[in-house]
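Asks: Heads up, the sequence shown stops at 745 in our numbering, and the numbers go up one at a time, no gaps.
Where a beta carbon is used, it is the ideal one built from N, C-alpha and C, also for glycine.
In this text the structure is predicted, and so the values were computed from the model without any measurement.
There's a structure below that I have some questions on.
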Amino acid sequence: MLKLTAIFYIIIAPTLAGICALVPLSMSGTLDFDPTFFVSFVIAGAVLALPVSWFVAKRISAAVSKKGPRAVV
Numbered sequence: 673m674l675k676l677t678a679i680f681y682i683i684i685a686p687t688l689a690g691i692c693a694l695v696p697l698s699m700s701g702t703l704d705f706d707p708t709f710f711v712s713f714v715i716a717g718a719v720l721a722l723p724v725s726w727f728v729a730k731r732i733s734a735a736v737s738k739k740g741p742r743a744v745v
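Spelled out as structure tokens, the structure:
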């Protein structure tokens, strides 16, 4: 499942990092730009992508297994 998680991380991490990069730009605007604030939000999005990609890989792995999808407890 680690390989599947890595594949989904390649897709999910840039997406969440891009979404999180828009937050400081929309909060302060482009005229009052703080690079450390921007980079911290991008890193937070990339770190947030780790559990998200693991959860997606777990659900898809369960869906294609012989047991079928299991309820999330």
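(1) Whether or not the segment 698-708 and the segment 725-733 are in contact is what I'm after, with contact meaning three or more pairs of Cβ atoms, one per stretch, closer than 8 Å; do they touch?
(2) Exposed or buried, Ser725, counting other C-beta atoms within 10 Å across all chains shown (16 or more means buried)?
(3) Quick one: what's got a C-beta closer than 8 Å to Ala721's C-beta in the same chain, skipping five residues either side?
(4) DSSP on Leu674, reduced to helix/strand/coil?
(5) Looking at C-alpha atoms only, which residue of Val736, Ser737, Ala734 and Phe713 is the closest neighbour of Ala693?
Replies: Concretely, from the data shown:
(1) no
(2) buried
(3) Tyr681, Ile684, Ala685, Thr687, Leu688 and Ala689
(4) helix
(5) Phe713
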